[in-house]
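Q: Quick one: structure below, then a few questions.
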Amino acid sequence: MRTTLFLLTLMAAGCATTEAELPKRYTCVKITAPVAVDGRMDDAAWNAAAWTDWFVDIEGDVKPRPRFQTRAKMLWDDTYFYVAAWMEEPHVWGSLTEHDQIVFHDNDFEVFIDPDGDTAQYYEIEVNALNTIFDLFLHKRYLDGGPADHDWNAEGLRTAIYVDGTLNDPSDVDRFWSVEMAIPWATLAPFANRPSPPHAGDTWRVNFSRVQWQHVIREGRYRKRPDTKEDNWVWSPQGKINMHLPRHWGYVTFAGPEAGG
């Protein structure tokens, strides 16, 4: 009923939002045994976690479905917020290898976390297929003047990549690459403005993005296709090409182990 009333309100205001484009919702199950962060998602703990919906274009239903499929899972315990993603990819490649390089200049996977949902003081973590990390903290949205703190580091962050195929080898066809992250609650606590780790029943704002560049092969190496913009595929669509609109991010509610299955 509330969803229907919200949709009617948007329509009356002249908004073209559909129910599929409303912020996504996810129940994140608490686990009692830690996850082995190896990029494979083969721990029994992941069986308790549902997949998100398939990712869509960042602008929503006004754009075609992505060329390749992407989806994610989440879990939590008293130490970490676990995030994993599976990304269909016939050509897994990357070039950036130094921490805090602008990782979205490669194909990447990105996590955005706004603990209290106030659209300010939020975190961003990016990773490419080489497991290179770009982590930053936003005091407020770029539209509100930022700034982005590139010196912030997600201390204690654990990440791993698995490639079903061969990395940076254009001579064959790959199947997918996947990532696992264990994000310490302690590194999110300073600007969470609420308990971190959360209490069961708490809801945080979270979103995921996959940046995908078209490529050409020259001299046996992958290169970006000239004069071609990147694709942006996301869990909860933004309505425009801008991930820094936290009001459109998904709602992640943290639940106890009894919610799994």
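Using my numbering, read the sequence shown as starting at 5 and increasing by one per residue.
Beta carbons are placed, not taken as given, at the ideal position from N, Cα and C, and that holds for glycine.
#1: Name the two residues that bound the continuous alpha helix (DSSP H) containing Leu-140.
#2: Report the rounded CA-to-CA distance for Ala-124 versus Asp-178, giving the unit in angstroms.
#3: Suppose you measure from the CA of Gln-81 to the CA of Arg-229; what does that come to, to the nearest Å?
#4: Would the beta-carbon of Thr-56 fall within 7 Å of that of Arg-71?
#5: Hey, how far is the Cα of Ile-117 from the Cα of His-103?
#6: Given a cut-off of 7 Å on the beta-carbon distance, is the pair Pro-201 and Gly-160 in contact?
#7: So the alpha helix (DSSP H) Leu-100 belongs to, where does it begin and stop?
#8: On a Cα-Cα basis, can you pick out the residue from Gly-150, Ala-53, Trp-156 and Ile-62 that is closest to Val-39?
#9: What's the gap between the Cα of Asn-172 and the Cα of Leu-100?
#10: Note down the Cα distance separating Asp-65 from Val-33, rounded to an integer number of angstroms.
#11: CB-CB under 8 Å to Lys-28, same chain, minus the five flanking residues each way: which ones, in chain order?
#12: Enumerate in chain order the residues of its own chain whose CB-to-CB distance from Arg-6 is below 6 Å, with the five nearest sequence positions on each side excluded.
#13: Restricting to Cα atoms, I'd like to know which of Glu-130, Gly-205, Trp-237 and His-248 is closest to Ala-263.
#14: Use the C-beta contact count for Met-15: other C-beta atoms within 10 angstroms, 16 or more gives buried, fewer gives exposed.
#15: Beta carbon of Pro-94, beta carbon of Trp-208: below 7 Å?
#16: If you compare alpha carbons, which of Thr-136, Thr-83 and Leu-26 is closest to His-203?
#17: Give me the residue from Asn-51, Asn-132, Ala-158 and Trp-97 with the minimum Cα distance to Val-220.
#18: So Val-215 packs on Glu-128, CB below 8 Å; how close in whole Å?
#19: Let me check one thing: in DSSP terms, what residues is Asp-168 bridge-paired to?
#20: Compare the C-beta of His-143 against all C-beta atoms of chain C and say whether one is closer than 7 Å.
#21: At the level of alpha carbons, what is the spacing between Leu-140 and Arg-69?
#22: Just mark Tyr-30 as buried or exposed, buried being the case when its beta carbon has 16 or more other beta carbons within 10 Å.
#23: Taking its Cβ as the centre, do 16 or more other Cβ atoms sit within 10 Å of Met-247, making it buried, or is it exposed?
#24: Quick check: the Cα distance between Ala-48 and Thr-163, rounded to an integer number of angstroms?
#25: What would DSSP say about Ala-17, mapped onto helix, strand or coil?
#26: What does the alpha-carbon distance come out to for the pair Asn-236 and Trp-217?
#27: Can you tell me whether Ile-106 is buried or exposed, with buried defined as 16 or more other CB within 10 angstroms of its CB?
A: Inspection of the coordinates gives the following:
#1: Taking the sequence shown and counting its residues from 1, the one referred to as residue 140 is at position 136. No alpha helix (DSSP H) contains Leu-140, which is instead part of the beta strand (DSSP E) from 137-144.
#2: As a working mapping, residue 124 is identified with position 120 in the sequence shown. As a working mapping, residue 178 is identified with position 174 in the sequence shown. Answer to the nearest angstrom: the Cα atoms are 39 Å apart.
#3: Here residue 81 corresponds to residue number 77 of the sequence shown, with the count starting at 1. Here residue 229 corresponds to residue number 225 of the sequence shown, with the count starting at 1. Sequence inspection shows Asp at residue 81; the Gln mentioned does not correspond to that position. Whole-angstrom Cα-Cα distance: 42 Å.
#4: By one-based count along the sequence shown, residue 56 stands at place 52. By one-based count along the sequence shown, residue 71 stands at place 67. No; because the gap between Cβ atoms is not below 7 Å, this pair is not in contact.
#5: Residue numbering aside, residue 117 sits at position 113 when the sequence shown is read from its first letter. Residue numbering aside, residue 103 sits at position 99 when the sequence shown is read from its first letter. Our two residues, Ile-117 and His-103, have alpha carbons roughly 20 Å apart in a direct line.
#6: By one-based count along the sequence shown, residue 201 stands at place 197. By one-based count along the sequence shown, residue 160 stands at place 156. Annotated as distal: Pro-201 and Gly-160, with beta-carbon spacing of 7 Å or more.
#7: Sequence index remark: in the sequence shown, residue 100 carries index 96 (1-based). Premise fails: Leu-100 is in no alpha helix (DSSP H) and is neither H nor E.
#8: Position 35 of the sequence shown, counted from the first residue, corresponds to residue 39. Among Gly-150, Ala-53, Trp-156 and Ile-62, the Cα nearest to that of Val-39 is on Ala-53.
#9: In the sequence shown, residue 172 corresponds to position 168, counting from 1. In the sequence shown, residue 100 corresponds to position 96, counting from 1. Each residue's alpha carbon lies about 12 Å from the other.
#10: Taking the sequence shown and counting its residues from 1, the one referred to as residue 65 is at position 61. Taking the sequence shown and counting its residues from 1, the one referred to as residue 33 is at position 29. Spanning the two alpha carbons is a distance of roughly 29 Å.
#11: The residue you call residue 28 lines up with position 24 of the sequence shown. For Lys-28, where only same-chain residues beyond five positions count, the Cβ hits under 8 Å are Thr-56, Asp-57, Trp-239, Ser-240, Gly-254 and Tyr-255.
#12: Along the sequence shown, read from residue 1 onward, the residue named residue 6 stands at position 2. Here Arg-6 scores only 41 on pLDDT, less than 50, and its place in the model is too uncertain to base an answer on.
#13: Within the sequence shown, numbered from 1, the residue matching residue 263 stands at position 259. The shortest CA-to-CA distance from Ala-263 to any of Glu-130, Gly-205, Trp-237 and His-248 is the one to Gly-205.
#14: Stepping through the sequence shown from its first residue, residue 15 is reached at position 11. Only weak support is given to the placement of Met-15: the predicted model assigns it a pLDDT of 39, under 50, and the value that follows is read from those uncertain coordinates. With fewer than 16 other Cβ atoms within 10 Å, it is exposed.
#15: Walking along the sequence shown from the start, residue 94 turns up at place 90. Walking along the sequence shown from the start, residue 208 turns up at place 204. In this structure, Pro-94 sits away from Trp-208, with a CB-CB distance that is not shorter than 7 Å.
#16: The residue you call residue 203 lines up with position 199 of the sequence shown. Taking only the C-alpha atoms, the option nearest His-203 is Thr-83.
#17: To locate residue 220, count along the sequence shown from 1; it is residue 216. The candidate whose alpha carbon is nearest that of Val-220 is Trp-97.
#18: As a working mapping, residue 215 is identified with position 211 in the sequence shown. As a working mapping, residue 128 is identified with position 124 in the sequence shown. Not confirmed; about 12 Å, so no contact.
#19: Taking the first residue of the sequence shown as position 1, residue 168 is located at position 164. Answer is Phe-180.
#20: In the displayed structure, chain C is absent; only one protein chain is listed.
#21: For the purposes of this step, residue 140 is taken as the residue at position 136 of the sequence shown. For the purposes of this step, residue 69 is taken as the residue at position 65 of the sequence shown. Looking at the two C-alpha atoms, the distance is approximately 29 Å.
#22: Taking the first residue of the sequence shown as 1, we reach residue 30 at position 26. In summary, Tyr-30 is buried, with 16 or more beta-carbon neighbours lying within 10 Å of its beta-carbon over all protein chains present.
#23: As a first step, residue 247 must be located in the sequence shown, where it is residue number 243. Answer is buried; the Cβ neighbour count reaches 16.
#24: Taking the sequence shown and counting its residues from 1, one reaches residue 48 at position 44. Taking the sequence shown and counting its residues from 1, one reaches residue 163 at position 159. If I take the Cα positions, the gap works out to 18 Å.
#25: Your numbering for residue 17 matches position 13 in the sequence shown. Residue confidence for Ala-17 is low, a pLDDT of 39 falling below 50, so the modelled location carries little weight; the figure read from the coordinates is stated next. In the structure shown, Ala-17 sits in coil (DSSP, three-state: anything other than H, G, I, E or B).
#26: As a first step, residue 236 is located in the sequence shown; it is residue number 232 there, counting from the start. As a first step, residue 217 is located in the sequence shown; it is residue number 213 there, counting from the start. Computed Cα separation, rounded: 9 Å.
#27: Residue numbering aside, residue 106 sits at position 102 when the sequence shown is read from its first letter. Counting the other Cβ atoms within 10 Å of the Cβ of Ile-106 gives fewer than 16, which makes it exposed.
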